[in-house]
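In what follows, a single structure is set out as structure tokens and then discussed.
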Amino acid sequence: MTLTPEQLYEWIELPSAVLKRLKELDITGGYRITPDIRNMLLSRGEWDEGIKILRDELGDDPDGFKILRAMLQMACETYERYKEIGIEKEIFISTMKFCTRFINAHYDLYGDYRFDWAWWFPRQLACKEFRIGCLEYEFVEGIEDLISVHIPSDADLKRDTVVHSLLSFFAFREKYFPDWSKAILYCESWLLSPALKELLPENSNIIKFQELFSVEHTDYQSLAVMDWVFPGHKEVSHCLPEKTSLQKHMKEFLLKGGKVGWSKGYLNEDKLF
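Numbering (my numbering), first residue to last: 645 to 917.
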């Protein structure tokens, strides 16, 4: 049985207000992605151009729900690909729930629902990224094929949970994508910054996560950490919130001129055992 958008909305647990908005778009005729744009969204090198053309065709879309509706329709086609490969429905749902996570995060921060992550969605539509347990894994083709490990905002970073996710992904990769069995896993995140060792106890989940990776490079000029630790704030100032111990310690650190930056590290598989 073919998956319908309405079923998908239910699977990924979209908020009722968003469901109402999508239903309104259905009533007014909506939009279905054309074959040319679909092909672009399935080809990594054409993702950005495909999104640009899609936005132009959709027209005014202040809350991002026109493009969300169109891309969720395409996600139903992606589910057919999952079934062809044999990947479990639960992995499909967990992967597509990234939409719901960011929609809810926007509401928590600003008080209204909005989808502004369409630029990221081709990864899921093209079966390049999957959520396995607490982490997401993106297959990145290039001169050397690599797998990028992403850390969702709701990830449980307890060591056992992280290790379980990684080992489950290895089994997933071996079963469904054996050609990628030798691909190296890497992670780019503020969570790998060496500076965090000054802010967190050595037994913290974040520090334990860092220990699984060998950091190759840190861009200390990057302020991308603000989006994740202080969402809604773009600059270091005394106005930064202190709702968590991490925010409190990082705020003090940043105000004194410290830099967290953005780090890239490679998984050290020997440390999983």
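Even glycine gets a Cβ: it sits at the ideal position worked out from N, Cα and C.
For residue i and residue j, which I take to be in contact (beta-carbon distance under 8 Å), what is that distance rounded to the nearest angstrom?
i	j	result
ALA839	GLY902	6 Å
SER738	ARG775	4 Å
SER858	GLY905	Not confirmed; about 17 Å, so no contact.
TRP763	ILE695	6 Å
GLU846	GLY909	About 18 Å; that fails the 8 Å criterion.
Name the two residues that bound the continuous beta strand (DSSP E) containing residue i.
i	result
PHE813	Looking at the DSSP string, PHE813 is not in any beta strand (DSSP E); the run it does join, the alpha helix (DSSP H), is 803–820.
ILE828	828–833
THR862	857–863
HIS877	Looking at the DSSP string, HIS877 is not in any beta strand (DSSP E), and its letter there is neither H nor E.
SER907	906–911
Skipping 5 residues on each side, what residues in its chain have a beta carbon closer than 7 Å to that of residue i?
i	result
GLU782	ARG767, LYS772, GLU773, ILE791, SER792 and HIS794
ASP800	CYS778
Out of the options, which one is the CA nearest neighbour of residue i?
i	options	result
GLU701	THR678, TYR723 and ASP707	THR678
LEU686	LEU811, HIS893 and GLU785	GLU785
PRO706	ALA815, ASP760, VAL807 and ASP804	ASP760
PRO875	ILE787, HIS750, TYR864 and PHE816	HIS750
ALA868	PRO845, SER848, LEU890 and GLU832	GLU832
HIS882	ASP871, TRP834 and PHE897	PHE897
ASN912	LYS802, ILE828, PHE821 and GLN865	ILE828
LEU753	GLU668, VAL873 and LEU899	VAL873
Is residue i helix, strand or coil by DSSP?
i	result
GLU780	strand
ILE791	strand
GLU773	strand
TRP691	helix
ILE656	coil
PHE746	helix
ASN849	helix
MET870	helix
ASP704	coil
LYS903	coil
TYR675	coil
ASP670	helix
ASP823	helix
For residue i, which residues in the same chain have their Cβ closer than 8 Å to its Cβ, ignoring the five residues on either side in sequence?
i	result
CYS743	ILE656, LEU658, LEU712, LEU716, PHE759, TRP761 and PHE765
GLU886	LYS892 and LYS895
State the start and end residues of the unbroken alpha helix (DSSP H) segment that holds residue i.
i	result
ARG758	Per DSSP, ARG758 belongs to no alpha helix (DSSP H) and is neither H nor E.
ASP680	679–685
TYR726	709–729
MET894	889–899
THR739	733–740
Just checking residue i against the ligand HEM - is the residue's beta carbon closer than 6 Å to any of the ligand's heavy atoms?
i	result
GLU693	The model on display carries no ligand, and the ligand HEM is accordingly not part of it.
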